[in-house]
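Q:
Residue numbers (the working numbering): 16 to 94.
See the structure below:
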């Protein structure tokens, strides 16, 4: 994954494709899971709103994916 690709993805798409990402957003104190803007806002926009670096969120998402049971890995690689 590179941060530019993740930054352009819609938050809801990330959460749907990689469910463990919910924990990553929560760890970063980002209220994106369940937010009404999640279907419309990019990860980059959400990170800017929370003052979080996309690269840091990406790292935390990867940690959560690595810790998740193997069926999650079948959803595809992060960009």
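The beta-carbon is built from N, C-alpha and C at its ideal position, and this holds for glycine as well.
Model, not experiment: these values are computed from the prediction.
Using CA atoms only, rank isn't needed, just tell me which of 74, 25, 68, 35 is closest to residue 50.
A: Taking only the C-alpha atoms, the option nearest residue 50 is 25.
Q: Quick test of your reading: residue 75 and residue 43, contact by CB under 8 Å. State the CB separation rounded to the nearest angstrom.
A: Going by Cβ atoms, the distance from residue 75 to residue 43 rounds to 6 Å, so yes, they are a contact pair.
Q: On the three-state DSSP scale, how would you describe residue 51?
A: DSSP places residue 51 in coil when its eight states are reduced to three.
Q: Exposed or buried, what is residue 39 when buried is set at 16 or more other beta-carbons lying within 10 Å of its beta-carbon?
A: Buried is the call here.
Q: State the start and end residues of the unbroken alpha helix (DSSP H) segment that holds residue 73.
A: Start and end: 69 to 82.
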